[in-house]
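One structure is given below, encoded as structure tokens.
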Amino acid sequence: MDNIYDALRESHEVQRRLCRQLTRIRTYDARAQEIFRELRIELAAHAAAEERFLYAQILLDDMGLKSSRHALSEHHEIDECVEDLAKARGKPEEWLQGVKKLSHEVHHHLKEEERKFFQVSGKILSERRKQVLAKKYRRDLERMRLVVAP
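In terms of numbering that gives the first Met the number 0, the numbers along the sequence shown are unbroken and rise by one, the last being 149.
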């Protein structure tokens, strides 16, 4: 049976793949816009579901307070990068810089989360709770993908 970390890693891989695709296009065109749209939806849906079904649980425990707050702040930084990139439409130089920055922030966050936050939260949550949270996260992720899509 999978757990919350297995579920989260699936979305992390989607995010990594979309970031790689976006950085390799190098030009602002229709395909870049479509990849950006997919990435924006995945990031927003993932963050919402993750914050509800993992971060909120860990914030309740003193041992997880610092790491949860840090992870939440990184979600906010990623949101700001997405907003900046959306504003760079039609500005090739700003677009390229924005893509690089967003990709860097996403990769940094995912790496740190998988290597640090998962370990801290893994000590807080029981195995059964991890399985229950995986189901809730997956349902909410699918729902949020529809909610945040324009």
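Yeah, the Cβ is synthetic: ideal placement off N, Cα and C, and Gly gets one too.
Between Gln130 and Asn2, the alpha-carbon positions lie close to 4 Å from each other. By the neighbour-count criterion, in which a residue is buried when 16 or more other Cβ atoms sit within 10 angstroms of its Cβ, Leu132 is buried. Nearest neighbour of Leu140 by Cα position, chosen from Ile123, Glu49 and Leu59, turns out to be Glu49. The Cβ neighbour count for Ala44, taken over all protein chains shown within 10 Å, is at least 16; the residue is labelled buried. Secondary structure within the segment 41 to 109: the alpha helix (DSSP H) runs of 4 or more consecutive residues, fully enclosed, are 55 to 58 and 64 to 86 (chain order). Short of 8 Å from the beta carbon of Arg68, and not among the five residues preceding or following it, lie these beta carbons of its own chain, in chain order: Leu58. Per the coordinates, the alpha-carbon of Asp78 lies some 21 Å from the alpha-carbon of Leu64.
The Cβ atoms of Ala46 and His74 lie closer than 8 Å to each other.
Between Glu76 and the set Pro149, Cys18 and Lys100, the nearest pair of CA atoms involves Lys100. Gly89 counts as exposed, since fewer than 16 other C-beta atoms from the protein chains shown sit within 10 angstroms of its C-beta. Classified as buried, Val81 has 16 or more neighbouring CB atoms from the shown chains inside 10 Å of its CB. Under a 10 Å Cβ-count criterion, Gln14 is classified as buried, with 16 or more other Cβ atoms of the shown protein chains found around its own Cβ.
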